RNA sequence: GAGCCCAUAGCUCAGUCGGUUAGAGCGCCAGGUUGUGGCCCUGGAGGCCGUGGGUUCAAUUCCCAUUGGGCUCCCCA
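Residue numbers (my numbering): 869 to 1288.
1. For residue 898, which residues of its own chain have a beta-carbon under 8 Å away from its beta-carbon, when the five flanking residues on both sides are left out?
2. Determine the burial state of residue 1285: buried for a count of at least 16 other Cβ atoms within 10 Å of its Cβ, exposed for fewer.
3. As an exercise, report each continuous beta strand (DSSP E) stretch of at least 3 residues that is fully enclosed by the stretch 1149-1209, in chain order.
4. Here's the rule I'm using: 16 or more other beta-carbon atoms within 10 Å means buried, otherwise exposed. How should residue 1251 be labelled?
5. With burial defined as no fewer than 16 other Cβ atoms inside 10 Å of the residue's Cβ, what is the status of residue 1072: buried or exposed?
6. Does the stretch 978-994 come within contact of the stretch 924-944, defined as at least 3 CB pairs closer than 8 Å?
7. Quick test of your reading: residue 955 and residue 916, contact by CB under 8 Å. State the CB separation rounded to the nearest angstrom.
8. Consult DSSP for residue 1259 and reduce its assignment to one of helix, strand or coil.
9. Between residue 1023 and residue 901, which are expected to be in contact by the criterion C-beta below 8 Å, what is the C-beta distance as a whole number of angstroms?
10. Contact between the stretch 1275-1283 and the stretch 1205-1223 is defined here as three or more beta-carbon pairs at a separation below 8 Å; is this criterion met?
11. Do you know how far the Cα of residue 1186 is from the Cα of residue 1056?
12. Taking residue 1124 and residue 1151 to be in contact with their CB atoms under 8 Å, please state how far apart those CB atoms are, rounded to whole angstroms.
13. Let me confirm a value: residue 1127 is counted as buried when at least 16 other C-beta atoms fall within 10 Å, else exposed. Which label applies?
14. By the three-class DSSP mapping on this structure, what secondary structure does residue 1053 have?
15. For residue 909, which beta-bridge partners are listed by DSSP?
16. Along the beta strand (DSSP E) that carries residue 1001, what are the first and last residues, could you check?
17. Closer than 8 Å by C-beta to residue 1193: which residues in its own chain qualify, once you throw out the five before and the five after it? Chain order, please.
18. Among the candidates 1183, 1164, 1159, whose CA atom is the shortest distance from the CA of residue 1144?
19. What are the boundary residues of the alpha helix (DSSP H) that includes residue 1105?
20. Please classify residue 1012 as buried or exposed, where buried requires at least 16 neighbouring CB atoms within 10 angstroms.
21. Note down the Cα distance separating residue 1262 from residue 1245, rounded to an integer number of angstroms.
22. Classify residue 1285 as helix, strand or coil using the three-state DSSP reduction.
23. Measuring CB to CB, does residue 1137 end up less than 8 Å from residue 1032?
24. In the DSSP assignment, find the unbroken alpha helix (DSSP H) run with residue 1239 in it and report its ends.
25. Taking the alpha-carbon of residue 882 as reference, which of 995, 1042, 950, 1102 has the nearest alpha-carbon?
26. The beta strand (DSSP E) that contains residue 1228, what's its start and end?
27. Using 8 Å as the threshold, is the C-beta distance between residue 910 and residue 957 below it?
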């Protein structure tokens, strides 16, 4: 163990065979769901300009103020992207996607980076998938996004989730609400936890998601943002709830749901699971009507979500959900002698052209060792080739599960395996 | 940034009240079957007992530090 000179950095892990199958199966579900919603994949670089993230996500957010991996080369300031929405917004502006007309329906899967202390469900390199509807104003867009997200979990079989829903309104309402919160909490400052007290001036809305024991009773009497929403915001929020009801997507309105990024407006939501332990958010999202403009584009309403893949895996694990089993080859060639091995090597391209998965021993090991390997790899059939077989052009085809053997000619292999 | 826990074979873990060559199960390799997997039997490889220092005649064991890992708070995915 100590002989291993190099290891991954703290909070970054390798995905090995045995584990990767689950990821691939999940990715297949994501791509298929996106196809059904007619969203198209977008891939943006892992490195972005630090300024983009700082502006887009917000200078005062935890992400920007203390969790970014950054480095400089000459004049350029690089950051490992900590989230997906700001880069998508940047791409939308940079490539003038607005000029393509209509609404851009985009989704992505990929790694993101935050320099936090790792723990269960939190890695420094983690993975998210997400979707964005850019250029869509109506509440139907919000609901499509939520439907997209929840459908994926339903497809997987994760059903014991809670969808929390709130509206954070427009900036003006939020400012009025912030003031009301300050007015409410100021006299109680002495009873607040230290973290919350510090937020009183900087970001009082964050006091609302405090988990500190002592803050809970104080939160209970706090003003609710719903009372500060403009008529338009209120109508939008009502419409979202109404449409969710129509789609029979259950949700809980949580007036204290405040998401950590600055760019959210109007609808905000979060999907939580009881199987995740302390980090219980599977994913979340909301509307961000001002972000595109903030990063230099035309005023463009948008809504999106992002979900953590590692957390999804934890939930699958807890629920015993296996999305995929590793599959073995159709044929494993067991060879004796160099000539036999060469015959097998030359035969395999034909079989593969027919769609058969085949492999063989590469080291000229004993027959027993090769059979053992075929078994370990869960091969459906072993084809045994020795001198005799080559001379007669008749080979032993062994059904590994039934332990039955038959003699067949070389040209029969494909058909026999395909038909069983 | 703060707190708690852990560190012995590839994996999961015993163990030494401080005392010669450090163990098991699984896995791996080989033999039993000179051409046949899974079950069984036999054998083998594989550990500076995370690292550094201290106490001691003697440390994998006790003490300190350090590194790595896990969990929690904060916050998020």
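Glycine included, every Cβ here is placed at the ideal spot set by N, Cα and C.
Since the model is a prediction, treat every value here as computed from it, not as a measurement.
Walking through what the data contain:
1. 975, 977, 997, 1020
2. buried
3. 1149-1155, 1170-1176, 1199-1203
4. buried
5. buried
6. yes
7. 6 Å
8. helix
9. 7 Å
10. yes
11. 41 Å
12. Actually they do not touch by this definition, with Cβ atoms about 19 Å apart.
13. buried
14. helix
15. 975
16. 993-1002
17. 889
18. 1183
19. 1099-1114
20. buried
21. 25 Å
22. helix
23. yes
24. 1235-1244
25. 995
26. 1226-1228
27. no
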